[in-house]
Each structure stands twice: as C-alpha cells, then as structure tokens.
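Offset between the sequence shown (1-based) and the working numbering: plus 1495.
Structure, as structure tokens:
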Amino acid sequence: MAQPARPAAKPRPKTKELPEHLKAYRHVWVFVELEHGRVHPVSWELMTEGRRLADALSVELAGVVLGPPGDGTDQAVAEAFHYGADRVHLVEDPLLAHYRTDPYAKALTDVVNAHKPEILLLGASTLGRDLAGAVATTLATGLTADCTELAIDPDSRALAATRPTFGGSLLCTIMTQAARPQMATVRPRVMAMGAPDRSRTGPVVRDRLDMTEEAIATKVLDFIPDADTNQAQLAYADIVVAGGLGLQKPENMRLVVELAEVLGAEYGGSRPLVQKGWITADRQIGQTGKTIRPRLYIAAGISGAIQHRVGCEGADRILAINSDPNAPIFDFAHHGIVGDALEILPALTAAVRQRRA
Ligand code: FAD
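Written out as structure tokens, the structure is:
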C-alpha cells in the first residue's frame, strides 16, 4: 500500500545578517549584583554560564561591578575572576550606595556604550529585573526575561535564549537579530554555579559615573533592613519539604513544617496553597514562584504540573509522596511513595527524630 506523503520539513527561518555598525560588539558580560556589600549568588551562577557562552564564541568573559567605593566592590571584583571572568569593568561612585534605577541604569548603559559587549546577562532578582528593563529600553535592544536555557546559535553566533511561554506549556527560543547587546535575565538557581578558582585574577577597567545627585529623581531618606527574619530562603536551601492540595486542609500544612523542622529544611508549596492563603507567596515553588535546586526535595500531595516541575526539577534528589500512582510527579521524581501524605509525613518526621535522638 502506498505510504501517505510526509509533509515536507519546514525550512529553518533564516537568521538575518547583523547590521554593519553592530559587528563591533564583542564579548560576553555578566552584571555582578552587589547590594550593601554582598553579591547575590545568581551572579556567580551566571558567570559560570557566561564562561561557557564566551568559550563557545571564543571571546572574553567580563564582569561588571557597580557600587560605592569600599563597600564590597574589591571583594566582588576578586570573586568575579574566581568564578571565571577574564576582565572586570568597575564603576565606583557614592551615588551607587543604595540601588536606584537612575544611577545604576546610567552607569551600566554608559559602560555598555563605551565597550560594546555582544551579550549582557543579569540575574532575574528584584534588582536585576528592574535594571535590565531600564537598560534594554535605553539601549533600544532586545531583552529575554526569565530564561531557562542559554546557547549560541551556530549559524549566526547569536544568543539563543529559551524561556517558558503560554503559561509554561511551551518553550520558545528568542534571538535578538537587529540590535546589540543581546540581553537576558535568568532567575536564581536556574543555572548551576561552578567551583571558584581562587588563583584566577585579571585586569580591572575603571569607568566613571557621569551623573550628579540633582539628576536623580529618587532620594534615599533612610535604609531600613528587612526585619522579617522568617522570610523563606527557599532558593538556596539544601533540603526543601513542600505540600500541595493533596494535604486537603490548611492545618495539615503543619505536617510539612514539622518534617522541615526536624530535617533543618525550608518548607514551601504549590501555587494553589498560596492562592488559598495556606502559605505565603515567598514559599511558592514553580514557574511563578521560586526556582529551587536543593540536594533533596520532598513533595507531598503535589501532582507535578509543568508549572511546578520547572521550579523544582533541578533538585539533586526528588522524593514524591502521592496517593495516585499515575500522578505526573512520578515521571520526574527519583524516589516515590504511593500513599497518604497525611500518614507518611508524620511517620517520616518520627523516624528522623528517632534517628537523631
Ligand atoms: P493538584 O494538581 O490538585 O494535585 C494534588 C495532588 O495530591 C494529586 O496528584 C493527588 O493525587 C494528590 N493527593 C490527593 N490526596 C492525597 C493524599 N492524601 N496524600 C498524597 N497525595 C494526595 N503551580 C505551582 O505549583 N507553582 C507555580 O509557580 C505555578 N505557576 C502557574 C502559572 C500559570 C500561568 C498557571 C496557569 C498555573 C500555575 N501553577 C503553578 C498551577 C499548576 O498548573 C497546578 O495547578 C498546581 O501546581 C497544582 O497544585 P497541586 O499539585 O498542589 O494540586
């Protein structure tokens, strides 16, 4: 019997030739997010990723450090080299003491215009999201936010930035073809952080911030550190225990919290638990919540929908507890217990307590 004709494979869309004036843009840059003397770890995750991209392009990797003199900038510069930078661009100015969009966007835009990197990566933290949008708008270039994968297109040498779309049901890969630099943000813990090489060092290029206080619309009257010490530190926790709708009642969330306590872990949950007010929004795991990369993730009564999966599948080990043997979470969990979470969670807590006694 004659086989039905196969539809012809769709030709790959042609990548456009880069306009002549943009060909001068070279090298991969990572914005080093320094706030009140401390570097956000997402910067070193991106530096590791940036190293891979720079090597694929056979170009340099540079870090950009912005901050007030003497408040952690020296340490940030040194560490940028340890995590893989070949060069560091440094702008020190008292106006950069507290994060404000105007001076940070001006400093970063000016350094980019002066040195012309082809790729600029920032963490999708609160600060990074604000700064990336402001800088991309000023530079009139493309920004792909919340990427889950970065690669170099072998034909065009363009950054192929992949991110979830349509509510997480599809992944799309975006390339900036007619502008430079190509900008992308990546959420904390999406990329793995490499081990630092403390022997690495390199040249520091100093740039100036050409701005006065009068030109800045926002004024910092006082800085009050976050007093909420209960703020969840999910993204960087070693062990995370989470609950989902399978817990059935808000009071059963206590079973998750108790197991987390005996394990010295953080606790979290799926999005419906936030919507129902069982947990606070800073404890939501998933596409619209936190991305986690713990050594162990225990998910109890969570179905494993794609929007939840993208936030937790980077865990080294996933233990799923679900009464439905066909729950999607068992497709990506490393260990599974089919059963009632309301019985299994207290049994695990008691077992850990006993071992520790
Ligand atoms: P359900 O899907 O209802 O699953 C409950 C599970 O519990 C079931 O598998 C069931 O078999 C099991 N169960 C029932 N009783 C027991 C028991 N006694 N013991 C053990 N297991 C039991 N979700 C997120 O989590 N994070 C996000 O960031 C997120 N972002 C989203 C963004 C968008 C744009 C959209 C559209 C959705 C998003 N969601 C997100 C929602 C997501 O699609 C799912 O609806 C949600 O993850 C389901 O939560 P759940 O697994 O707790 O509940």
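Note that CB positions come from ideal geometry on N, CA and C, so glycine has one too.
| Check | Outcome |
| --- | --- |
| Whole runs of the beta strand (DSSP E) within the region 1659 to 1713, excluding any shorter than 3 residues | 1665 to 1669, 1677 to 1681, 1699 to 1702 |
| Contact between the region 1581 to 1588 and the region 1617 to 1628 (3+ Cβ pairs under 8 Å) | no |
| Cut-off 6 Å between Cβ atoms - residues of its own chain near A1551, not counting five sequence neighbours on either side | I1647 |
| Beta-carbon gap between Q1728 and E1761 smaller than 8 Å | yes |
| Of the residues D1566, R1595, T1786, the one placed nearest A1810, counting alpha carbons only | T1786 |
| Best match in D1819, P1823, H1593 for proximity to I1801 [C-alpha to C-alpha] | P1823 |
| C-alpha gap between K1744 and I1839, whole angstroms | 16 Å |
| Same chain only: Cβ atoms within 6 Å of E1515, ignoring 5 sequence neighbours per side | none |
| Nonlocal neighbours in the same chain, by C-beta distance under 6 Å from D1588, ignoring five residues either side | L1704 |
| Range of the contiguous alpha helix (DSSP H) that encloses V1554 | Where V1554 is concerned, there is no enclosing alpha helix (DSSP H), given that its DSSP letter is neither H nor E. |
| Any non-hydrogen atom of the ligand FAD closer than 7 Å to A1710 Cβ | no |
| G1799 to F1825 span [Cα, whole Å] | 8 Å |
| Sequence-distant residues of the same chain with beta carbon closer than 8 Å to S1694, five excluded per side | none |
| D1550 CB to nearest heavy atom of the ligand FAD below 7 Å | no |
| Closer than 8 Å to chain C by CB, V1805 | Going by chain labels, chain C is absent from the structure shown, which holds only one protein chain. |
| Inside the region 1545 to 1619 only - beta strand (DSSP E) runs reaching at least 3 residues | 1556 to 1562, 1582 to 1587, 1614 to 1618 |
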